[in-house]
Each structure stands twice: as structure tokens, then as C-alpha cells.
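Peer 1: One structure follows; several queries about it will come next.
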Amino acid sequence: MEVYRSVEGVPWMPHPTVQGVTIKPLISEKEHGLNVTCMLVNVPAGKEVPEHIHEEQDDILYLLQGKAVMWVDGIGNFLLEPGVIVRVPKGEKHKIFDVTEDLLIYDVFCPALT
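Under numbering that gives the first Met the number 0, the letters of the sequence shown match residues 0 to 113, in that order.
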């Protein structure tokens with residue numbers, strides 16, 4: 000059982016659905032047997048994460064760097080900047096847009112993405 004891991008040793012990979020966005024999977028159900036997914040997400044300036052829904056997972060985002068606007072259905076628009084944490088309940092539409100500085104997001108999905 001792995002209890003320690005250097006983030007530097009985990010490669011960046013293309014996001015499975017958003018062109019130009021990359022992810023660094025840190026914890027997964029498949030690899031670690033846990034019911035949570037943790038990853039870093041990099042969204043370059045000028046890109047966006049289009050409107051989508053996670054039907055089964057709450058999505059918890061903690062912004063480490065960058066600036067953008069996020070929209071969550073029923074809440075509206077708000078600024079993403081370092082130190083902001085967002086919990087998007089499962090089944091809620093959301094998107095990230097107006098990315099003016101490269102984003103680095105620590106993203107947690109509970110339960111795990113499959």
C-alpha cells in the first residue's frame with residue numbers, strides 16, 4: 000500500500016473530455032482502492048471547461064493559482080482565485096470560463112470517478 004508519493008513523479012495527461020486542459024491523477028479508486036479521486040487540473044489562460052454535470056460525485060475544487068470565473072447553476076458567477084474553495088453538489092451544472100491566468104486546481108471527487 001502506497002502511503003507517500005511525490006507529485007513531481009506523476010505525469011500530466013490530457014483531460015479526457017476537454018481539449019487543451021491537462022490533469023495529474025494523484026489518488027484514484029482504480030490505483031489506490033479508495034472511494035475518492037484527487038487530481039491536479041491545469042487550465043491554460045484562454046481555455047475553458049464547458050458546462051457539465053457530475054451525476055454521481057460532489058466536486059470540490061481548491062484553486063492553487065490563476066484567475067477565472069466559475070458558474071454554478073442556481074448560484075451564478077463568482078471569481079476563482081488562489082485560496083478559494085468550491086463544492087459543487089452532484090447533479091449541478093457548472094463551468095469555468097474567462098480564464099485570464101493559467102489555473103492550477105486541486106480537484107477532489109467524492110465518491111470516486113469511475
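Cβ coordinates follow ideal geometry from the N, Cα and C atoms, glycine included.
1) For the beta strand (DSSP E) containing E100, list its first residue and its last residue.
2) In this structure, does DSSP put G19 in helix, strand or coil?
3) Can you tell me where the alpha helix (DSSP H) holding K29 begins and where it ends?
4) Assess, as a yes-or-no matter, whether the segment 93-107 is touched by the segment 43-52 under the definition of 3 or more beta carbon pairs within less than 8 Å.
5) Pairing CB atoms from the segment 95-112 with CB atoms from the segment 59-67, are three or more of them under 8 Å?
6) Please list, in chain order, all residues of the same chain as L102 whose beta carbon is under 6 Å from its beta carbon, the five residues on each side excluded.
Peer 2: Looking at the coordinates:
1) 93-109
2) coil
3) 28-31
4) yes
5) yes
6) V42, G65, A67
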